[in-house]
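For the protein sequence lines, the chains are A and B, in the order given. So the first sequence is numbered by the numbering used here: it starts at 1 and just counts up by one. So the second sequence is numbered by the numbering used here: it starts at 121 and just counts up by one. Each residue gets a CB set at the ideal place from its N, CA and C atoms; glycine is no exception. Working notes, structure below.
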Amino acid sequence: MDENKLNMLLAAWEETYKKGQLTLWILLSLAEGKKYADEIKNFVEEKSRGTMTCENQSLYRVLRKFEHVGVLEYEPGKGDKGPERKYYYLTELGRQLVDRFTERNISLFYLDDVRSLIER
Amino acid sequence: MKTSKKVSPYFWAFVGTAVALAFAAKIFMTMSLNAGSSLFTFLTAGLYAAGMFAAGWYWGRKDTEYLPVYNVGFRYHLATYIVHNGAFELWALLGLNNAYDPPRMTHYVAAAWGVVLVVHFILYLGARKKAIDNLDSSELFE
């Protein structure tokens, strides 16, 4: 088997597969609880086992977009040291969006017939 | 906290740039015409056009990176129309035009350009169905 070709195919597939994943990870982090930007970033990197990373610029852009459409809001809160931070949280719209998305697109991977294919 | 729907600071930076360019262009074009130099008149007009294009390109790109507003181009087109024609009409109103640049030419340009703007507005309305709260839905999730 051509290991190099396998790696190239895997990288190309993962690049396409990951499109849209950052949104899921960010919203999952907020589904866990209110967080400021660095906490969201750490959650994404830790929970994804390093397969997902987000630059500050990308993260703030995503948060800005979602705040604009009402998926999340923020409130000021105390930082560990220094100035106040913005603590982001899901709105009711955001919660329903995450719940419905995961129900329609993620939960099916836990169905017996699909899970048996993944775990073979 | 309520979702903010305000216009981005980059748009206002573009408007400021456009105002400065429009008045600078009008001042130098009038000076050129008064001096009888068609070369400098055309040069000024060319530099004005290039400057406006560059300003729209630069600030528009920054604006889209900040928030992916759908069809942000229409917003910039409308701003350019208002600023340009506002500045040129004001110049005419103050009686500062050169004889070779009568006020009616400013009116004709505003009217003709207005037709183009209306067409752009119709296209803008047509593209609206792809927007969610004014943002391009294809740019929302990444």
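Item	Value
Beta bridge counterpart(s) of B/VAL189 as assigned by DSSP	B/LEU255
Local conformation of A/LYS78 per DSSP, three classes	coil
Rounded separation between B/LEU260 and B/GLY206 - CA only	35 Å
Spatial distance of A/ALA12 from A/TYR74 (CA atoms)	36 Å
Rounded straight-line distance, which links the Cα of B/TYR201 to that of B/TRP233	8 Å
A/SER58 versus A/TYR110, A/VAL44 and A/GLY70, residue with shortest Cα-Cα distance	A/VAL44
The stretch 101-111 of chain A contacting the stretch 171-180 of chain B, beta-carbon criterion three pairs below 8 Å	no
N-terminal and C-terminal residue of the alpha helix (DSSP H) that A/TYR17 is part of	3-17
Own chain, CB closer than 6 Å to B/ALA230, minus 5 neighbours either side, in chain order	ASN205
Chain B contact residues for A/LYS65, given Cβ-Cβ distances below 9 Å	LEU187, PRO188, LEU255, GLU259, LEU260, PHE261 and GLU262
N- and C-terminal bounds of the alpha helix (DSSP H) containing A/LYS47	37-47
Top-ranked residue by Cα proximity to A/LYS34, from A/LYS78, A/GLU46 and A/GLU55	A/LYS78
Burial state of B/VAL235 (16 or more Cβ within 10 Å)	exposed
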